[in-house]
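Student: Note that the sequence shown covers residues 661 to 964 in the numbering used here.
All C-beta atoms, glycine included, are put in the ideal place defined by N, C-alpha and C.
Handing you this structure, nothing more for now.
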Amino acid sequence: MTAVIDRPTSHRAAPIPPGAPRPRRLGGGRALSIVGVNGLLVLGAVYMVLPLLWLVFAATKDAGALYSGDAFTFGSHFLANMQHLLQKDGGIFLRWLANSVLYAGVGAIVGGFISLMAGYAFDKFEFRGKRPLYAAVLVGVLIPNTATVIPLYLLAASAGLTNTIWAVLIPTLCNPFSVYLARVFSAGYLPAETLEAARVDGAGPVRSFLQVGLPMLVPGFVTIALFQFVGIWNNFMLPLIMLQNRELFPSSVGIALWQSQVQQNPEFATLVIAGSFVSIVPLVIAFVMLQRFWRAGLSAGSVK
């Protein structure tokens, strides 16, 4: 009795007939795409880094060297420029810098916490009018901040709050984009089963949020606070419209005030450069200190 064993047959590619077009290899196209993507990233990085580098070099020069010579070379007037900046008008820039820290710090911490609570409520609770309210939040995300400056000014004027710190602080306590981010982070970081277990153990809604939800949402809160801090720090239109007293100006409006006087007095150019240089230092410090939480928050939001 004989057994027939089927052996696997090797499949060879059919020969290409003469004159037929040969298939293209993907190696060259893939390399070209990699070079193109990396090239765009490099261009974007250069576009963002070059102004900062120019600012660093310009902060070391006097008014004459700003408009002559190589832009990317160091000067010898950095300490003189800093001294002039801090002594100008009795140290008014330090007051502007403190005002920026106040506006951005309160808006980031208090406003971020309010947004976190709102996003948590939209994600975990069911209540009447939830969908229309959240739709209104999404519409608020689409409206630019500059479009709301005049209505906010009219509201502040009717309440008698113009030319006060409250005219700048109160609008920073509610940010639709931060509420949207808070809901995304709540859905990504905080499982519903965890809150259900807390309720079974006898925790109420407030206690569940403070003792269970809030510790788990810390990376999301830090991310929201960073976005709030940067947005308020760079805000220009709102304090420009609301404030008339120079003592209440943030650094952005104060530097713009000096910039408007450069045409009459070129010496103000060094003040503008030095003030801009000092103004970015708190932002760099905030990002470096909170970078770990910020990365974790963005990762959770993107995964969700």
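#1: What are the boundary residues of the alpha helix (DSSP H) that includes T930?
#2: Need the endpoints of the alpha helix (DSSP H) that D783 sits in, please.
#3: Within 10 Å of its beta-carbon, does N741 have 16 or more other beta-carbons around it, so buried, or fewer, so exposed?
#4: In whole angstroms, give me the CA-to-CA distance for N805 and F837.
#5: Should the segment 923 to 941 be called in touch with the segment 863 to 874, which here means at least 3 C-beta pairs below 8 Å?
#6: Hey, L713 and G935 are a contact pair by Cβ (cut 8 Å); roughly how many whole angstroms apart?
#7: Do the segment 823 to 837 and the segment 755 to 769 touch if we need at least three Cβ pairs shorter than 8 Å?
#8: Measuring alpha carbon to alpha carbon, tell me which residue in V938, G789, T832 and G772 is nearest P899.
#9: State buried or exposed for I915, treating a residue as buried only when at least 16 other CB atoms are found within 10 Å of its CB.
#10: Counting only the same chain and skipping the five closest in sequence on each side, list residues whose C-beta sits under 8 Å from that of I940.
#11: May I ask you to report which of helix, strand or coil DSSP gives T733?
#12: Helix, strand or coil for L686, going by three-state DSSP, please let me know.
#13: Span of the alpha helix (DSSP H) holding V878?
#14: In angstroms with no decimal places, state the Cα-to-Cα distance between K721 and D730.
#15: Taking the beta carbon of N895 as the centre, do at least 16 other beta carbons fall within 10 Å, making it buried, or is it exposed?
#16: Can you list, in chain order, the residues of its chain with a C-beta nearer than 8 Å to that of E856? Leave out the 5 residues immediately preceding and following it.
#17: Would you identify the three-state DSSP class for I901, choosing helix, strand or coil?
#18: Can you look up Q919 in the DSSP assignment and give me helix, strand or coil?
#19: Hey, how far is the Cα of V695 from the Cα of A705?
#20: Are there three or more Cβ pairs, one per stretch, closer than 8 Å when the segment 900 to 907 is compared with the segment 878 to 890?
#21: For M876, collect the residues of the same chain with a Cβ closer than 7 Å to its Cβ; drop the 5 residues on either side in sequence, then sort them by chain order.
#22: List the endpoints of the continuous alpha helix (DSSP H) containing V809.
#23: Take I830 as the anchor and find which of I769, L841 and F887 has the nearest alpha-carbon.
#24: Give the range of the alpha helix (DSSP H) segment to which T854 is assigned.
#25: Using the beta-carbon count (16 or more within 10 Å), is F889 buried or exposed?
Tutor: According to the structure shown:
#1: Here the alpha helix (DSSP H) through T930 covers F928 to M949.
#2: I752 to K784
#3: buried
#4: 11 Å
#5: no
#6: That pair is no contact at about 18 Å.
#7: These segments touch.
#8: Measuring from the Cα of P899, the nearest candidate turns out to be T832.
#9: Burial call: buried.
#10: L712 and L715
#11: coil
#12: Residue confidence for L686 is low, a pLDDT of 48 falling below 50, so the modelled location carries little weight and cannot support an answer.
#13: V878 to W893
#14: Approximately 11 Å between the Cα atoms of the pair.
#15: buried
#16: none
#17: helix
#18: helix
#19: 15 Å
#20: no
#21: Closer than 7 Å at Cβ, skipping near neighbours: Y849 and L850.
#22: V809 to A819
#23: Nearest C-alpha to I830: I769.
#24: Where T854 is concerned, the enclosing alpha helix (DSSP H) stretches over A852 to V860.
#25: buried
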